[in-house]
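Take a look at the structure set out below.
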Amino acid sequence: MSILHIAIIIPFLAALFIPLLNKKKSNLHIGWFVLIVSATLFIIFARYIPSVASGEYYLYTFEWIPSYGISFTTYLDGLSMIFSLLITGIGSMVILYSIFYLSASESLQHFYIYLLLFMGAMLGVVLSDNLMVLYVFWELTSISSFLLIAFWYYRKGSRYGAQKSLLITVSGGVAMLTGFIMIYVMTNTFSIREILSAINQYTDHQLFIPAMILVLFGAFTKSAQFPFHIWLPDAMEAPTPVSAYLHSATMVKAGIYLVARLTPIFGSDQAWFWIVSVIGLMTLFWGSFTAIRQPDLKALLAFSTVSQLGLIMSLFGIGSAALHYGYSTESVIYTQATFAALFHLVNHATFKGTLFMVVGIIDHELGTRDIRRLGGLMALMPVTFSVAVIGSFSMAGLPPFNGFLSKEMFFTAVLNASEFDIFSVGAWAKLFPIIAWIASVFTFVYCMIIVFRTFLGPYQLEKIERPAHEAPVGLLLSPVILAVFIIGIFFFPNMLGEYLLQPAMASIFHTFAESEELTPKITAWHGFNAELWMTIGVIAAGAFLYKFLRYWKGIYSLFPAKLSFNSLYNGMLMQAEKQSSSITNFYMTGFLRDYLLYIFLFFLLAFGGGFLVTGAFSFDISDNAPINVYERIFVFVMMAAGIAIPFAKSRLTSILLNGVLGYSIAMFFVLFRAPDLALTQLVVESVTTALFLLCFYYLPEWKKEPSNPKFKIPNAVVAVLVGVVYTLVALSVQSNKLFNTISYYFENAYELSGGKNIVNAILGDFRAFDTMLEVIVLVIAGISVYTLIKLKREKEGQNIEDQ
1 MSILHIAIII PFLAALFIPL LNKKKSNLHI GWFVLIVSAT LFIIFARYIP
51 SVASGEYYLY TFEWIPSYGI SFTTYLDGLS MIFSLLITGI GSMVILYSIF
101 YLSASESLQH FYIYLLLFMG AMLGVVLSDN LMVLYVFWEL TSISSFLLIA
151 FWYYRKGSRY GAQKSLLITV SGGVAMLTGF IMIYVMTNTF SIREILSAIN
201 QYTDHQLFIP AMILVLFGAF TKSAQFPFHI WLPDAMEAPT PVSAYLHSAT
251 MVKAGIYLVA RLTPIFGSDQ AWFWIVSVIG LMTLFWGSFT AIRQPDLKAL
301 LAFSTVSQLG LIMSLFGIGS AALHYGYSTE SVIYTQATFA ALFHLVNHAT
351 FKGTLFMVVG IIDHELGTRD IRRLGGLMAL MPVTFSVAVI GSFSMAGLPP
401 FNGFLSKEMF FTAVLNASEF DIFSVGAWAK LFPIIAWIAS VFTFVYCMII
451 VFRTFLGPYQ LEKIERPAHE APVGLLLSPV ILAVFIIGIF FFPNMLGEYL
501 LQPAMASIFH TFAESEELTP KITAWHGFNA ELWMTIGVIA AGAFLYKFLR
551 YWKGIYSLFP AKLSFNSLYN GMLMQAEKQS SSITNFYMTG FLRDYLLYIF
601 LFFLLAFGGG FLVTGAFSFD ISDNAPINVY ERIFVFVMMA AGIAIPFAKS
651 RLTSILLNGV LGYSIAMFFV LFRAPDLALT QLVVESVTTA LFLLCFYYLP
701 EWKKEPSNPK FKIPNAVVAV LVGVVYTLVA LSVQSNKLFN TISYYFENAY
751 ELSGGKNIVN AILGDFRAFD TMLEVIVLVI AGISVYTLIK LKREKEGQNI
801 EDQ
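Using UniProt numbering, you'd call the opening residue of the sequence shown number 1 and step up by one each time.
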């Protein structure tokens with residue numbers, strides 16, 4: 001097992017130790033232990049930076065289910081390196097922040113267990129080369145994020161947000177799994193590297209486009225793309241450290257990672273370009289437009305995250321055009337969009353993590369994050385204000401912050417898309433820079449809202465729960481570190497480009513790796529070009545719209561809540577619950593006869609119908625052994641007992657007649673020279689008969705209802721048909737021996753397992769795990785019965801231990 005496998009497993013192992021740490025009477029916060037884990041993982045991955053930057057990659061395989069082509073293969077290259085560093089680096093900052101944010105009265109052990117599970121699952125996603133293994137970790141991120149969002153489970157909003165995120169992301173994950181299976185059908189492999197090397201011969205396959213769409217469905221739901229973005233704002237009910245980690249740097253980036261990783265597979269098809277770039281631009285616009293109307297700072301940041309994710313997604317879509325045209329000067333220009341996407345991916349993690357922590361500080365110290373109740377905090381919280389300005393202005397795309405650099409590259413990408421007329425779409429490509437510019441204006445507006453509405457204006461002491469004051473150093477440490485990175489990347493961007501972005505680009509564009517233009521030099525000044533004029537226009541228009549916000553904000557009333565995507569989701573969920581309740585009430589009648597009727601009807605349709613359609617009802621009994629007189633006697637005895645049961649006048653008679661059937665079967669075992677089975681049957685039949693008598697003794701008197709043809713006739717018809725079909729199936733199976741009998745293998749029990757008794761060998765060796773699990777089930781059932789009895793007696797004031 002390699003160091004990469006160990007890196008994935010470490011968070012899961014650490015999670016196992018947290019309950020043990022919690023039992024120790026110590027004042028040391030659990031978060032310090034978790035911080036050591038995440039920081040260690042960050043150092044492990046950071047050590048690979050020089051070698052990966054020089055073009056090396058690391059591939060390790062651990063065989064898991066080789067018969068199905070599923071192996072736990074880890075693959076570390078430039079692309080997975082960026083995400084691994086974000087997962088562990090931002091994770092370390094968030095954990096440090098959470099140590100001072102969460103109260104000691106919280107269930108800290110649960111919080112950090114969930115957080116470590118999520119960290120391990122995310123590392124598994126970005127380091128897995130096998131699609132099936134990737135899917136396992138993908139769904140584990142959904143489950144662990146569900147637990148984190150619902151951490152404050154006693155809040156209705158937390159439960160609703162957790163359920164919403166789980167339903168949407170898991171449904172996308174199932175669709176993605178279907179797409180993975182289609183890819184396997186095409187290529188006969190689950191390995192991403194092997195798929196990439198062979199995909200060119202399958203681009204015309206009939207499953208290529210359906211697989212692409214299903215995979216994108218999974219990526220879009222996870223990365224909160226339009227219209228699946230609705231789960232992200234409700235996920236803000238989670239504690240702020242969760243929001244800063246999951247919804248700015250990790251979970252929502254899983255969909256981004258999948259698109260980036262599979263771009264070499266699907267990117268050469270123009271459908272990929274259109275779907276990814278258009279959905280990304282729609283998400284960018286709608287997220288930025290909707291963020292302005294949010295009165296809650298966290299909700300505003302949620303929609304800003306949606307918007308920024310759309311920006312990154314659109315860049316990956318535009319960059320994929322390079323794969324369609326092959327290696328050329330024009331196609332290399334398209335790759336710059338992907339470079340911008342990777343650059344903004346890192347920048348977004350820094351400034352959005354910073355802003356989430358700032359909002360958490362405000363909520364933690366003042367008791368509210370409602371913009372309408374805030375104001376005048378600049379003088380009272382100067383450090384928090386400074387960090388908020390750095391994060392907000394970076395997100396707005398202003399210098400001297402890293403967001404300015406990647407935003408300029410974004411403008412370059414959309415301008416190139418319109419100038420080079422990708423796929424000869426004419427005027428449609430001209431819309432790319434227009435949508436990008438309008439969305440950037442709205443982005444500028446909500447960034448100004450964060451800064452000026454929160455920290456300037458009048459101080460409203462009467463509207464906040466606690467007087468404003470600067471946060472303690474522990475809370476400020478993580479956002480300050482991230483703010484330093486925001487400024488540092490602006491002044492030294494090419495260090496990031498050389499050691500992280502360039503290897504990631506080589507991972508996506510393998511055929512272009514030798515081009516020097518693949519990773520352009522990042523500079524803040526390019527002269528008075530179109531991108532700069534677009535930025536100046538964004539500042540001017542954004543400042544104007546912010547100044548007169550109260551005059552045009554009424555436009556949001558044109559989008560009533562009842563017509564929103566949230567209402568659609570709630571309506572669909574309500575209808576699903578209503579219809580499922582109706583269906584359940586239809587067949588869950590409360591009558592045992594109805595349930596038996598369903599079972600027998602299914603048997604008739606599945607087996608009887610299947611045998612009838614395929615013509616499998618055929619048998620020849622001429623060669624069967626003769627039936628002796630004793631066997632005939634017991635057959636007639638069983639027939640008489642079976643027919644008499646429905647006509648019995650009392651429960652006691654029915655139980656005794658049912659016992660006759662069981663004991664007759666035991667006699668058949670005797671006749672067929674199977675004494676061990678006969679003994680087992682006799683014991684079981686005796687015990688069950690006694691139990692029936694004991695249970696029925698306490699039932700109320702049986703008042704036999706008058707015959708109702710409505711029930712009797714259908715029941716009789718079904719009973720007769722089941723008997724006929726079962727007999728015909730048994731005769732047909734016995735007469736058509738297409739394969740060797742099962743007993744043929746077990747006849748060599750002595751040679752295979754050393755057991756002289758075949759039955760014992762089957763139970764103890766051939767079905768050892770099955771037998772073990774059956775015993776475990778019985779033990780669990782026994783413990784459950786014991787627990788119920790103990791609880792009942794203790795409730796009555798009697799302790800079972802004293803008896």
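Each residue gets a CB set at the ideal place from its N, CA and C atoms; glycine is no exception.
No experiment lies behind these values; they were computed from the predicted model shown.
Of the listed residues the options, nearest to residue i (C-alpha basis)
i	options	result
residue 808	Ser304, Ala302 and Ala413	Summary: the structure shown does not reach residue 808, with the chain confined to residues 1 through 803, and so no result is reported for it.
Ile87	Ala576, Met251 and Met1	Met251
His469	Phe591, Ala768, Gln109 and Gly376	Gly376
Pro382	Val480, Ala396 and Ile489	Val480
Val52	Phe669, Ser84, Ser320 and Tyr68	Ser84
residue 805	Leu415, Pro295 and Gln163	Because the chain here runs from 1 to 803, residue 805 falls outside it and cannot be looked at.
Leu461	Arg373, Ile449 and Ala471	Arg373
Phe603	Asn494, Gly723 and Ala175	Gly723
Thr384	Leu691, His364 and Tyr598	His364
Glu685	Asp296, Ala104 and Leu661	Leu661
Phe432	Ser277, Thr305, Leu791 and Gly267	Ser277
Ser128	Tyr75, Tyr154, Phe151 and Phe146	Tyr75
Val473	Thr443, Asn566, Met357 and Gly457	Met357
Ile665	Phe303, Ile333 and Ile633	Ile633
Ala439	Gly497, Gly280, Gly642 and Gly457	Gly280
Tyr744	Ser732, Leu731 and Ile762	Ile762
Asn200	Asp269, Ala483, Met588 and Arg453	Asp269
Tyr446	Ala299, Gly755 and His29	Ala299
Ala388	Ile435, Phe455 and Asn347	Phe455
Glu465	Met574, Ile362 and Ser142	Ile362
Leu597	Val441, Ala716 and Glu701	Ala716
First through last residue of the beta strand (DSSP E) which encompasses residue i
i	result
Glu63	Tyr58 to Ile65
Leu76	Ile70 to Leu76
N- and C-terminal bounds of the alpha helix (DSSP H) containing residue i
i	result
Thr523	That residue, Thr523, is in no alpha helix (DSSP H); it is neither H nor E in DSSP.
Trp699	One point to set straight first is that residue 699 is Leu, not Trp, in the sequence displayed. Counting along the chain, Leu699 falls outside any alpha helix (DSSP H), and DSSP gives it neither H nor E.
Ile265	Met251 to Phe266
Phe401	First-last for Phe401: undefined, no H or E at that position.
Tyr202	Tyr202 -> no alpha helix (DSSP H), and no H or E assigned at all.
Thr614	Gly609 to Thr614
Tyr595	Leu592 to Phe603
Arg632	Val629 to Ala644
Tyr184	Lys156 to Thr187
Gly659	Arg651 to Leu671
Pro626	Here Pro626 belongs to no alpha helix (DSSP H), and DSSP marks it neither H nor E.
Below-9 Å beta-carbon distance, residue i vs any chain C residue
i	result
Ile230	Checking the listed chains, one finds no chain C in this structure; it contains a single protein chain.
Cβ-Cβ separation, residue j to residue i (assumed contact under 8 Å), whole Å
i	j	result
Ile486	Ile390	5 Å
Trp32	Ile113	Going by Cβ atoms, the distance from Trp32 to Ile113 rounds to 15 Å, so no, they are not a contact pair.
Ser248	Lys352	4 Å
Phe118	Leu148	6 Å
Arg369	Leu476	Not a contact, Cβ separation roughly 17 Å.
Ser732	Ser618	6 Å
Closer than 8 Å: residue i CB and nearest the ligand HEM heavy atom
i	result
Pro626	In the structure shown, the ligand HEM is absent, as is every other ligand, since no ligand is present at all.
With a threshold of 8 Å, are at least 3 pairs of Cβ atoms found where one atom belongs to the segment 179-192 and the other to the segment 232-241? As far as the Cβ criterion goes, the segment 179-192 does not touch the segment 232-241, which means the pair count is below three.
For the segment 215-224 against the segment 164-179, are there 3 or more C-beta pairs whose distance is under 8 Å? yes
Across the segment 47-59 and the segment 73-82, are there enough close Cβ pairs to call them in contact, namely three or more that are closer than 8 Å? A contact exists between the segment 47-59 and the segment 73-82.
Return the chain-ordered ranges of every alpha helix (DSSP H) run that is complete within the segment 124-154 and spans a minimum of 4 residues. Within the segment 124-154, the complete alpha helix (DSSP H) runs of at least 4 residues fall at 131-149.
Please specify which runs of the alpha helix (DSSP H), each continuous and at least 4 residues long, are wholly inside the UniProt domain "MrpA C-terminal/MbhE" (716-793), giving them in chain order. 743-746, 749-753 and 758-761
At 4 residues or longer, what runs of the alpha helix (DSSP H) sit wholly inside the segment 533-562? 549-552
Mind the definition here: the segment 1-21 touches the segment 118-127 only if three or more C-beta pairs lie below 8 Å; say whether that holds. yes
Could you name each continuous alpha helix (DSSP H) segment of 4 residues or more that falls completely within the segment 291-330, going from the start of the chain to the end? 297-319 and 321-325
Would you say the segment 380-400 touches the segment 332-339, given that touching needs at least three Cβ pairs under 8 Å? no
Measuring CB atoms only, is the segment 283-294 touching the segment 305-313, in the sense that at least three cross pairs come out at less than 8 Å? yes
With contact counted as at least three CB pairs below 8 Å, one residue from each stretch, are the segment 86-104 and the segment 23-43 in contact? yes
Report yes or no: do three or more beta-carbon pairs, one from the segment 155-169 and one from the segment 202-209, lie closer than 8 Å? no
Is there contact here, the segment 646-653 with the segment 661-678, by at least three beta-carbon pairs under 8 Å? no
Extract the residue ranges of the alpha helix (DSSP H) inside the segment 214-242, only unbroken runs of 4 or more that lie entirely within it. Complete alpha helix (DSSP H) runs here, min 4: 231-234.
Just list the alpha helix (DSSP H) runs in the segment 352-400, keeping only unbroken ones of 4 residues or longer that don't cross its boundaries, in chain order. 382-396
Inside the segment 448-524 only - beta strand (DSSP E) runs reaching at least 3 residues: none
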